[in-house]
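Engineer: One structure, pasted below without further comment.
Residue numbers (this note's numbering), protein chains in the order written: chain H, 87 to 192; chain A, 589 to 1055.
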């Protein structure tokens, strides 16, 4: 029983991989061309989640290991840049998309 | 605490998925980024409570503020025409962050690995870190080269190619891969070994991006975007972080599909873009006979004002001249006069698919007036005027009927089927692909020479005088 549980633990990430992989494909497959650029930018923003991992490794790094601290610092800064920059440009682009009806209301 | 964090990461993954789904439809797109943004904020805040974080909070907050401030400022300032290279930069940052996670993990040595591996076999733990490091580093350096090329910095403008380039790249890749395997399987934290490994990966990213021409670059940026997603997912496995795993894999697969769609729109395959280039196809094509006939803006204005249907075909040249605002002003005048106005967008108009839509949206053009190639091509025969502004190769009929032309087979907008064609163009030069355009010599085509913004201003003047 324990062996089964351990095997499941190793395989669970593989299931996540498979399901998330199909999901990403499904989300994009019916996208109109007009949204390709904002969507690429939006997915670029989503992988900005890497900042979370960078925070963990920096927080875990030993204070005596200067090299790890420097690399970790840049990791967090770069990850934050990815998230914030990706968000702002995507929002700026999507903000501009309006239909004729919405444009007339203004 | 562990449960709270896991629950938050779970919510973040849900918010990301709903956000991306909403971003894939024009009416809900605006709210999609807000959903995804809320997820990111939640994940970042809750990570401060992460039990694995032992300290270095000040350093962490300083890094967060530095990265956010620089990105915020640059993202607010960037022109819409420069959007593709800005996306490349932020993507490179993500790749760099993934590589940094791997580097800190590998630098930590056995004492860190012992408790960080969390039940995974050590070789698997290290192998995942190494894979993420490779992909992240390649995406980081490659994206920076992509930025330099799209920004048209002088020393990066021309594709760099030399004989045996593929072999050099293959050797670089092989060395990097073997070194990565050695690190993962031997469980070594030798500093020199790690440094050489990372330098090789960074060099490979540069080598992959250098030979690619500016026109193909957006496809490569999209590919790097997918790769960064993959690198983030690998590091997510290393850190047992489910939000990173799910977000990374979704971006990896969605990005791969997006890359494929972009390449398809350009009638190229991804391998073709990476391993050869446009001009390697040679400049062939039949000579074009006849002469170009020009027209002055007032006459062009009259022709459009009295038309019942006008289709506008904008290209990157229009965006460079910043003529989109004036163009929309002109279209509004035409619409007030009862003219049916539509915009036709080629998939590769602008710098990447959808870029032209962003540029038109910036000028205030509603998206329901904008049609893509498949939707609009049947409309050209019934159009009284097709106005081509700053586009060239995407309206070249040679792609349809000249088998010797290098662009033969590329889907084009059938502008030549319209009753009258007006082409606003700076001069008589050829397009990006360096091919003559038979459309310009056609009997129903009139050339309106001049700077796009000035010509459109002239057209507006002309239409106003008629009212």
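Positions of the beta carbon are idealized from the N, C-alpha and C atoms, including for glycine.
Values in this document were obtained by computation on a predicted structure and should not be read as measured data.
Which whole runs of the beta strand (DSSP E) in the stretch 628-703 of chain A are 3 residues long or more, in chain order?
Structural biologist: Correct list: empty.
Engineer: At 9 Å on the CB atoms, spell out the chain A contacts of residue 97 of chain H, in chain order.
Structural biologist: Locating residue 97 of chain H in the first chain gives position 11, counting from the first residue. By Cβ distance, chain A contributes nothing, its closest Cβ being about 12 Å from residue 97 of chain H, past 9 Å.
Engineer: Run down chain H in chain order and give the residues with a C-beta less than 9 Å from the C-beta of residue 624 of chain A.
Structural biologist: On the second chain, position 36 is the one that residue 624 of chain A refers to. Simply 128, 131, 132, 173 and 176.
Engineer: Taking the continuous beta strand (DSSP E) assigned at residue 829 of chain A, which residues delimit it?
Structural biologist: As a first step, residue 829 of chain A is located in the second chain; it is residue number 241 there, counting from the start. Unbroken run through residue 829 of chain A: none, as it is neither H nor E.
Engineer: Taking residue 970 of chain A and residue 897 of chain A to be in contact with their CB atoms under 8 Å, please state how far apart those CB atoms are, rounded to whole angstroms.
Structural biologist: Along the second chain, read from residue 1 onward, the residue named residue 970 of chain A stands at position 382. Along the second chain, read from residue 1 onward, the residue named residue 897 of chain A stands at position 309. So it is a contact: roughly 6 Å between Cβ atoms.
Engineer: Say whether chain H places a C-beta atom closer than 9 Å to the C-beta of residue 692 of chain A.
Structural biologist: Locating residue 692 of chain A in the second chain gives position 104, where the first residue counts as 1. Judged by the 9 Å Cβ criterion, residue 692 of chain A is in contact with chain H.
Engineer: Mind pulling the chain H residues with CB within less than 8 Å of residue 935 of chain A?
Structural biologist: Against the second chain, residue 935 of chain A aligns to sequence position 347. Those within 8 Å of residue 935 of chain A in chain H are 119.
Engineer: With 8 Å as the C-beta to C-beta threshold (strictly closer), list the residues of the stretch 98-114 of chain H near chain A in chain order.
Structural biologist: Residues passing the 8 Å Cβ filter: 99, 102, 103, 106, 107, 108, 109, 110, 111, 113 and 114.
Engineer: How long is the line joining the alpha carbons of residue 956 of chain A and residue 934 of chain A, rounded to whole angstroms?
Structural biologist: By 1-based counting over the second chain, the position of residue 956 of chain A is 368. By 1-based counting over the second chain, the position of residue 934 of chain A is 346. The straight-line gap from Cα to Cα measures roughly 16 Å.
Engineer: Which of helix, strand or coil does DSSP assign to residue 1014 of chain A?
Structural biologist: Indexing the second chain from 1 puts residue 1014 of chain A at position 426. If DSSP states are grouped into helix, strand and coil, residue 1014 of chain A belongs with coil.
Engineer: With a cut-off of 8 Å on the beta carbons, I'd call residue 161 of chain H and residue 134 of chain H a contact; round off their distance for me.
Structural biologist: Translated into positions along the first chain, residue 161 of chain H becomes position 75. Translated into positions along the first chain, residue 134 of chain H becomes position 48. No, residue 161 of chain H and residue 134 of chain H are not in contact; Cβ-Cβ is about 12 Å, not under 8 Å.
Engineer: Just confirm the distance between the C-beta atoms of residue 809 of chain A and residue 672 of chain A, as a whole number of angstroms; I'd bet it's less than 8 Å.
Structural biologist: Here residue 809 of chain A refers to the residue found at position 221 of the second chain. Here residue 672 of chain A refers to the residue found at position 84 of the second chain. Right, the Cβ-Cβ distance comes to about 6 Å (below 8 Å), so this counts as a contact.
Engineer: Along chain A, in chain order, which residues have C-beta atoms closer than 9 Å to that of residue 89 of chain H?
Structural biologist: The residue labelled residue 89 of chain H in the question sits at position 3 within the first chain. Here the premise fails: no neighbours, minimum Cβ distance about 13 Å.
Engineer: What three-state label does DSSP hand residue 1035 of chain A in the structure shown?
Structural biologist: For the purposes of this step, residue 1035 of chain A is identified with residue 447 of the second chain, where counting begins at 1. Note: residue 1035 of chain A maps to strand in three-state DSSP.
Engineer: Please compile the residues from chain A whose C-beta is within a distance smaller than 7 Å of the C-beta of residue 154 of chain H.
Structural biologist: Here residue 154 of chain H refers to the residue found at position 68 when the first chain is read from its first residue. Those are 692, 695 and 696, listed as they occur along chain A.
Engineer: Counting only Cβ pairs nearer than 8 Å, list the residues of chain H close to residue 1071 of chain A.
Structural biologist: In the structure as shown, chain A starts at 589 and stops at 1055, and residue 1071 of chain A therefore has no counterpart that could be examined.
Engineer: To the nearest angstrom, how far is the alpha carbon of residue 960 of chain A from that of residue 752 of chain A?
Structural biologist: Reading the second chain from its first residue, position 372 is the one you call residue 960 of chain A. Reading the second chain from its first residue, position 164 is the one you call residue 752 of chain A. C-alpha separation (whole angstroms): 40 Å.
Engineer: Quick one: residues in its chain with C-beta nearer than 7 Å to the C-beta of residue 788 of chain A, no 5 flanking neighbours on either side, listed in chain order?
Structural biologist: Locating residue 788 of chain A in the second chain gives position 200, where the first residue counts as 1. Excluding residues within five positions, the ones whose Cβ falls inside 7 Å are 760, 763, 764 and 767.
Engineer: State the DSSP-derived secondary structure class of residue 959 of chain A, mapped to helix, strand or coil.
Structural biologist: Translated into positions along the second chain, residue 959 of chain A becomes position 371. Residue 959 of chain A falls in the strand class under three-state DSSP.
Engineer: I want to see whether chain H comes within less than 9 Å of residue 943 of chain A, judged by CB atoms only; does it?
Structural biologist: Here residue 943 of chain A refers to the residue found at position 355 of the second chain. Residue 943 of chain A counts as touching chain H.
Engineer: With residue 750 of chain A and residue 790 of chain A assumed to form a contact (beta carbons below 8 Å), what rounded beta-carbon distance in angstroms separates them?
Structural biologist: If you number the second chain from 1, residue 750 of chain A lands on position 162. If you number the second chain from 1, residue 790 of chain A lands on position 202. Their Cβ separation, rounded to whole angstroms, is 19 Å, which puts residue 750 of chain A and residue 790 of chain A out of contact at 8 Å.
Engineer: Any beta carbon of chain H sitting closer than 9 Å to that of residue 906 of chain A?
Structural biologist: For this step, residue 906 of chain A is matched to residue 318 along the second chain. Judged by the 9 Å Cβ criterion, residue 906 of chain A is not in contact with chain H.
Engineer: By the criterion of Cβ-Cβ separation under 7 Å, what are the contact partners of residue 983 of chain A in chain H?
Structural biologist: In the second chain, counting from the first residue as 1, residue 983 of chain A sits at position 395. Correct list: empty, because the minimum Cβ distance to chain H is about 17 Å.
Engineer: Is there at least one Cβ from chain H nearer than 9 Å to residue 614 of chain A's Cβ?
Structural biologist: Translated into the one-based positions of the second chain, residue 614 of chain A becomes position 26. So yes, residue 614 of chain A belongs to the interface.
Engineer: Within 8 Å, do at least three Cβ pairs link the stretch 172-183 of chain H to the stretch 606-619 of chain A?
Structural biologist: At 8 Å Cβ cutoff, the stretches touch.
Engineer: When you compare only the Cα positions, how much space is there between residue 711 of chain A and residue 602 of chain A?
Structural biologist: In the second chain, residue 711 of chain A corresponds to position 123, counting from 1. In the second chain, residue 602 of chain A corresponds to position 14, counting from 1. Whole-angstrom Cα-Cα distance: 31 Å.
Engineer: Count the other CB atoms, across all protein chains shown, that sit within 10 Å of the CB of residue 1049 of chain A; report buried if there are 16 or more and exposed otherwise.
Structural biologist: As a first step, residue 1049 of chain A must be located in the second chain, where it is residue number 461. Exposed, because fewer than 16 other Cβ atoms sit within 10 Å of the Cβ of residue 1049 of chain A.
Engineer: Which residue comes first and which comes last in the alpha helix (DSSP H) that contains residue 977 of chain A?
Structural biologist: By one-based count along the second chain, residue 977 of chain A stands at place 389. Unbroken run through residue 977 of chain A is the beta strand (DSSP E), 973-977; no alpha helix (DSSP H).
Engineer: Can you confirm whether the stretch 830-844 of chain A touches the stretch 127-146 of chain H when touching is taken to mean that 3 or more C-beta pairs between the two stretches lie within less than 8 Å?
Structural biologist: Contact between the stretch 127-146 of chain H and the stretch 830-844 of chain A is present, because at least three Cβ pairs lie under 8 Å.
Engineer: Measuring only the C-alpha atoms, how far is residue 716 of chain A from residue 723 of chain A?
Structural biologist: As a first step, residue 716 of chain A is located in the second chain; it is residue number 128 there, counting from the start. As a first step, residue 723 of chain A is located in the second chain; it is residue number 135 there, counting from the start. Distance between the alpha carbons of residue 716 of chain A and residue 723 of chain A is about 11 Å.
Engineer: Where does residue 1006 of chain A fall in DSSP's three states?
Structural biologist: Working through the second chain from its first residue, we reach residue 1006 of chain A at position 418. Coil at residue 1006 of chain A, not helix or strand.
Engineer: With a cut-off of 8 Å on the beta carbons, I'd call residue 941 of chain A and residue 119 of chain H a contact; round off their distance for me.
Structural biologist: Start at 1 with the first residue of the second chain, and residue 941 of chain A comes out as number 353. Start at 1 with the first residue of the first chain, and residue 119 of chain H comes out as number 33. Confirmed, about 5 Å.
Engineer: Closest Cβ-Cβ distance between residue 94 of chain H and chain A: below 9 Å?
Structural biologist: Numbered from 1 along the first chain, position 8 holds the residue referred to as residue 94 of chain H. Not one chain A Cβ lies under 9 Å of residue 94 of chain H.
Engineer: Among the residues of its own chain, which have a CB less than 6 Å from the CB of residue 794 of chain A, if the five just before and after it don't count?
Structural biologist: Here residue 794 of chain A corresponds to residue number 206 of the second chain, with the count starting at 1. For residue 794 of chain A, where only same-chain residues beyond five positions count, the Cβ hits under 6 Å are 729 and 733.
Engineer: Over the uninterrupted alpha helix (DSSP H) stretch that includes residue 887 of chain A, give me the two end residues.
Structural biologist: Against the second chain, residue 887 of chain A aligns to sequence position 299. Looking at the DSSP string, the run of the alpha helix (DSSP H) that includes residue 887 of chain A is 885-893.
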